[in-house]
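> Numbering-wise (the numbering used here), the sequence shown opens with residue 6 and increments by one.
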Amino acid sequence: MLWNKLTHIDQLKEIKNLTLEQSGKGLTVLLFKHSTRCSISSMALNRLESKWTNPEHIQAYYLDLLNHRDISNEIATMFQVEHASPQVLLIKNGVCIYHNSHSGISASEILEAAKN
6 MLWNKLTHID QLKEIKNLTL EQSGKGLTVL LFKHSTRCSI SSMALNRLES KWTNPEHIQA
66 YYLDLLNHRD ISNEIATMFQ VEHASPQVLL IKNGVCIYHN SHSGISASEI LEAAKN
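1. Where does the unbroken alpha helix (DSSP H) through LYS120 begin, and where does it stop?
2. Which residue marks the beginning of the alpha helix (DSSP H) containing LEU23, and which one marks its end?
3. Tell whether a beta-carbon distance below 8 Å holds between SER113 and LYS56.
4. Taking the alpha-carbon positions, what's the GLN92 to LEU32 distance?
5. What are the partner residues of ILE96, as DSSP defines its beta bridges?
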């Protein structure tokens, strides 16, 4: 899986603006919030990566929650989704169109939601 690292809070505005600017091309951003000390989070990440197909219209971002909780808090505020860990969000046209957490994280569901 081709991950971009989410390490600066300013990246969230850039991501939101990018999805707005590229909306005609169907660009969607996947945010994966991962706790590196959590076995459930590691399991969800491994399951996602094993089934991911790297579609061109989805850019994937990985957030290490232990080092960047401030970014996770801003994600919750900006996209109006309550924090969970592990958690995935799909951002399209500047808004969250899908989110799920824990065992609900599924590559096939994410890919299907990104088509809409």
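Don't be surprised by glycine CBs; every beta carbon is placed ideally from N, CA and C.
In short:
1. Working through the sequence shown from its first residue, we reach residue 120 at position 115. Looking at the DSSP string, the run of the alpha helix (DSSP H) that includes LYS120 is 112 to 120.
2. Numbered from its first residue, the sequence shown carries residue 23 at position 18. Looking at the DSSP string, the run of the alpha helix (DSSP H) that includes LEU23 is 15 to 26.
3. Stepping through the sequence shown from its first residue, residue 113 is reached at position 108. Stepping through the sequence shown from its first residue, residue 56 is reached at position 51. In this structure, LYS56 lies closer than 8 Å to SER113 by Cβ.
4. The residue given as residue 92 occupies position 87 in the sequence shown. The residue given as residue 32 occupies position 27 in the sequence shown. In a straight line, the C-alpha of GLN92 is about 20 Å away from that of LEU32.
5. Along the sequence shown, one-based indexing puts residue 96 at 91. Residue pairing from DSSP places ILE96 in a beta bridge opposite VAL34, CYS101.
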